[in-house]
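What follows is one structure encoded as structure tokens, with my remarks underneath.
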Amino acid sequence: MSSLSRELVFLILQFLDEEKFKETVHRLEQESGFFFNMRYFEEMVTNGEWDEVEKYLSGFTKVDDNRYSMKIFFEIQKQKYLEALDKKDRAKAVEILVKDLKVFSAFNEDLFKEITQLLTLENFRDNEQLSKYGDTKSARSIMLGELKKLIEANPLFREKLTFPTLKNSRLRTLINQSLNWQHQLCKNPKPNPDIKTLFVDHSCGQSQPNGARAPSPVTNPLMGAVPKPAGFPPLGAHGPFQAAPAPLPTSLAGWMANPAPVPHPAASAGPIGFTPPNSAALLKRPRTPTNNPAVDYQNADSEHVFKRTRAFGISDEVNHMPVNILPIGYGGQNHGQSSYSSDDLPKAVAMTLNQGSVVKSMDFHPVQQILLLVGTNTGDIMIWDLGSREKLAHKNFKVWDLVVCSMPLQASVTNDYTALINRVTWSPDGTLFGVAYSKHIVQLYSYHGGDDLRNHLEIEAHGGSVNDLAFSYPNKQLCIVTCGDDRLIKVWDAVTGAKQYTFEGHEAPVYSVCPHFKENIQFIFSTATDGKIKAWLYDNMGSRVDYDAPGHSSTTMAYSSDGTRLFSCGTNKEGDSYIVEWNESEGAVKRSYNGLGKRSIGVVQFDTTKNRFLAAGDECVVKLWDMDNVNLVTTIDAEGGLPASPCIRFNKDGILLAVSTSENGIKILANPDGLRLLRSMENRSFDASRAASASVVKTSTMTTFVAAANASGGPSIMDRVNPMPSMVMMNGDNRNLVERPRIGDESMDKSRMWKLTEISEPSQCRSSRLPDNASSATRVSRLIYTNSGLAILALASNAVHKLWKWQRNDRNTTGKATASVLPQLWQPNSGILMTNDTSETNPEDAVSCFALSKNDSYVMSASGGKISLFNMMTFKTMTTFMPPPPAATFLAFHPQDNNIIAIGMDDSSIQIYNVRVDEVKTKLKGHHKQITGLAFSNVLNVLVSSGADSQLCVWSTDGWEKQTSKQLQIPGGRVAAPLADTRVQFHQDQTHLLVVHETQIAIFEAPKLECLKQWGPREASGAITHAAYSCDSQSIYVTFEDGSIDILTASTLRLRCRISSTAYLPTNPNSRVFPLVVAAHPSEPNQFALGLSDGSVCVIEPLESEGKWGSSPAVVENGNGAGPSATAAAAAANTTDQAQR
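See the structure below:
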């Protein structure tokens, strides 16, 4: 349903409510699912109208939609059950237990048993947990409070709990305006026309049965109240139509619908996309509805997809739902929007860095999250490595080419050669960063790891101060957006520095910019010092909205990490500060947070993290809010020493928080995960190639940019950008921070290497074999950690899935997977197994595959038969589709849309399948044998496929065209199997590609598929069975047929640790067991799991005393005897590099 059709439903709801059609109002609320009437819900719960309560809820959610919904329905069924027991109606209680509560036994069997035992008690209050249960009225009141919390936290109810703000009788007013318009078109308008019907257009002609209203527009009443049919009381509450109000300001989202040639389909109207209620362009340039599809709501009535009319599909809202809420129980529980609690916030001071001048802006590297970029009030920029606490790079303010600058800038610099920094920020992939100065210019640097910082672009962007800078991707082209004291916003090509757009319209200096995109629409929010907020598309049509920030404050805006929620924080001239959440559909403040000071010094800075928390530096502390709670959650004083309005910045994972101090320093706060990360990096020399590998391994993106610019006739920037060092040059360059040699320093490269660590005894690592009661041994075909890191899912060759879950307890406070504590082999009480369809084929001979949804709620799986979609909470099969032939051999969810799946087939084709509409969008053909691997890059917008033909193909995800292909080069002396199991996996930077083949490990750069590095195993190890990146992409875990595991440094493919099978497998000379698949923990970079050929699963971690795999590189001191001898070094080099190519 289009957004205007949706708004029409709201108008009808208002009309029905004003006309007292109460039952019809609530029926429409339920059937449309647009507005959840909390007051009506409270009334039904209070009165115990349970059937109506469940019926009303069913219009918005079902019990198995997500865990919030499950808890809501459970609380209602539990209350019904207790009320039946309280009335001594045992028969009714048993009926509720069997019919309604039994379904929840699959999720908490112990709780269900406890509920069942209440039947044996004369008074259920004898149960300790129910001893405080009062009378029915008070119990319903308590439960209602709990239900309201759950509903407010449930993503499916987001934006559905508040009715739009409408003028009274808005529908009547619109009809009135329409009749006025029709009357103005009459050739001979009558002064007092008689309106008899709305079924036909009005005309004042004599032959027409319908009159009209007086010509003066929107001043006289058109028609009175519409009488109801007989049997209803007459309408007296509403008189004539009201005068039409002045046009309301356009919504924050409405302008976005205008540039699209057709309305956006309703199927995409989840939290990811805007829901435009109107078009600003239409307010400026009125058109008739028949010529504008964006306002013709009639043509979208058939698209009523908001309700669950599709056969099956994975809800966008559910896919963005956090996975873990507290288990069902009797006690009161806190229900947040994610599994994170305030205890997970970084609060402990891990270190203090001496910056030397006042910190103005900070930004963590998007990939190497221990790298911190800092800008100061003296124009200095620094890059800190938090692992070593060293300053990697330092640049003072300097205009690179003053001669070509304008006279005002030259004069300004001549009088005072200093400038403060207003903003520093990394590009999305970390290859560039931008600096906005208080004097006219922005500078872009390219970063190549370590201290290798190179001038890239210098742009005289604005007259006066450049107040903000941000990166954006309009038309898939990297750009920078700037704003300044000259009241302008400008967009620049990040490669050539060419100006793309200039946006004018602010009447005061522009303070900040916030580029974003939703539903493929790119836009920019801008804020000015007078408190005005405007929004712009990348065109020359002017601003689309004009709003006032709370308190007319200088404001910054930011989205939550998942891009679904918009926040702003600002301070006005009186020192009053405001932090709010915006309702994008309404262009209004949705929620104002309490706790900011009333007389702030300077503008308060803020940040968001984990899609859950807001933080602001105010009153010498860091203040934190839960996004769903207006009151402060906590404050952090960081052991004191903070300025009045400290600068703050979270790293990407939210485990580190940088805070500026009043003594020109920076405090790094960490949570337990952050402390572990920093400890693992301590005493470790910074590997420049490691930092570069995340973004620039061989030929950087910048080199590609330059080629593109030159090809299109743009000016070359090679005079400012040196070419990237090749992968070969970076091989083994483990940088010593004290001496800091250049990347190409051969002498240092030869004197430095990893010391190979051999692990052959169980006492040298931590490993645990996961419990399994299976009677028959079948090999593990596929293995994956859940995205939350709390469980492991395996698919055996007999088509049966197994799920192990770790519990949160004293020995495992995080509840994450660990080798120190055994998990539970989880299964619902029904005993049901997640078993794939095998279509009468032998599953042992079939190729198994599966893919897990982002929120761990669904798994798509196949074992030679149909593809099955399973609910991970109930193990129930939601649907099956695509019967063979051909059979699926690999599955991958699209990174932006869980309803799009790439399916590799055994006939060598790839099918792009839309789950929501149950159809194949396209078939990709380029391989000659079955598909063995698929990997999406959401940065490059490509899909990379690998096949049993040892070939790689790159496909554009925009039009699904084939971009390039490459045949793997088999090392000399090796012969690939006829059906080689070739796998692909993208690096964390989404550009570099790990390719796994039985004969080699290789790193390619997408999308051109240029091979950067190859590594081959020892012959004694046998063939490679599998390999995977660690979660931080710093290591590669490689498994072999002899049962050993090699751990490589990802950037150099240098072997640093080897684990023998004797370290984790029991000794049995008659049994040949080896790993078939390896999976890396999603947040613990040194933990991995193995799926073995005997059907078992093993989790392996380094010893706590070690913290990581392999030792740090040792420095060879020539002649002083302080390090390993040259002979030992050479021996180690021979050991580790014998297979390098």
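Quick note on numbering: the numbering used here labels position 1098 of the sequence shown as 1098, and the sequence is numbered without any gaps.
The beta-carbon is built from N, C-alpha and C at its ideal position, and this holds for glycine as well.
- By the CB criterion at 9 Å, Phe-893 and Ser-853 fall inside the cutoff.
- Each of Phe-503, Asp-653, Thr-376 and Val-630 was checked against the Cα of Asp-344, and the nearest Cα belongs to Asp-653.
- Residue Tyr-81 holds the alpha-carbon nearest to the alpha-carbon of Phe-124 among Asn-520, Tyr-81 and Glu-574.
- One thing to note: Gln-951 has its Cβ no nearer than 9 Å to the Cβ of Leu-979.
- In terms of Cα proximity to Met-873, the closest of Asp-64, Asp-51 and Val-53 is Asp-64.
- Beta bridge pairing from DSSP links Pro-1075 with Leu-1092.
- Taking C-beta atoms under 8 Å as the contact rule, Asp-429 and Pro-366 qualify, at a distance of about 7 Å.
- DSSP links His-1026 through a beta bridge to Thr-1039.
- Counting only the Cα atoms, Met-143 lies some 11 Å from Leu-150.
- Contact fails between the stretch 62 to 78 and the stretch 183 to 196, because fewer than three Cβ pairs, one in each stretch, are under 8 Å apart.
- Assignment of Ser-388 by DSSP, reduced to helix, strand and coil, places it in the coil class.
- At least 9 Å separates the beta-carbon of Ala-794 from that of Asn-836.
- Around the beta carbon of Lys-347, 16 or more other beta carbons lie within 10 angstroms, which makes this residue buried.
- Contact between the stretch 22 to 32 and the stretch 128 to 136 is not established, with fewer than three Cβ pairs separated by less than 8 Å.
- For Leu-869, DSSP records a beta bridge to Met-860 and Thr-879.
- As DSSP reads the structure, His-516 sits in a beta bridge with Phe-523.
- For Gly-617, the enclosing beta strand (DSSP E) stretches over residues 613 to 618.
- Secondary structure in the stretch 766 to 792: the beta strand (DSSP E) runs of 3 residues or longer, each lying completely within the stretch, are 766 to 769 and 780 to 785 in chain order.
- Per DSSP, Arg-808 is not a residue of any alpha helix (DSSP H), being assigned neither H nor E.
- Ranked by Cα distance from Ile-903, the first of Lys-92, Ile-912 and Phe-60 is Ile-912.
- Here Ala-91 is exposed, its C-beta having fewer than 16 other C-beta atoms within 10 Å.
- A Cβ-Cβ distance of about 6 Å is found for the pair Val-780 and Gly-1095, placing them in contact under the 8 Å criterion.
- Per DSSP, reduced to three states, the secondary structure at Gly-933 is strand.
- The beta carbons of Gly-375 and Arg-423 sit closer together than 9 Å.
- Ile-96 has its alpha-carbon roughly 18 Å from the corresponding atom of Leu-57.
- Under the three-state reduction of DSSP output, Asp-344 falls in the helix class.
- Taking C-beta separations shorter than 7 Å and ignoring five residues to either side along the sequence, the partners of Glu-152 in its chain run Leu-161 and Asp-628, following chain order.
- For Gln-14, the CB contacts under 7 Å within the same chain, skipping 5 residues up- and downstream, are Leu-166, Arg-170 and Leu-171 in chain order.
- Fewer than three beta-carbon pairs drawn from the stretch 104 to 120 and the stretch 918 to 937 are found closer than 8 Å, and the two stretches are therefore not classed as touching.
- When secondary structure is reduced to three states using DSSP, Trp-400 falls in the coil class, being assigned neither helix nor strand.
- Setting aside the 5 residues that flank it on each side, Thr-786 is surrounded in the same chain by Leu-793, Leu-852 and Asp-856, each with a C-beta closer than 7 Å to its C-beta; the list follows chain order.
- Cβ neighbours of Met-860 within its own chain (closer than 7 Å, five residues either side excluded): Phe-850, Ala-851, Ile-867, Leu-869, Leu-891 and Ile-901.
- According to the DSSP assignment, Val-413 belongs to the alpha helix (DSSP H) that extends over 407 to 415.
- In the structure shown, Ser-839 adopts coil according to DSSP, grouped into three states.
- The continuous alpha helix (DSSP H) containing Lys-78 extends over residues 67 to 86.
- Counted as a single uninterrupted DSSP element, the alpha helix (DSSP H) harbouring Tyr-40 occupies residues 38 to 47.
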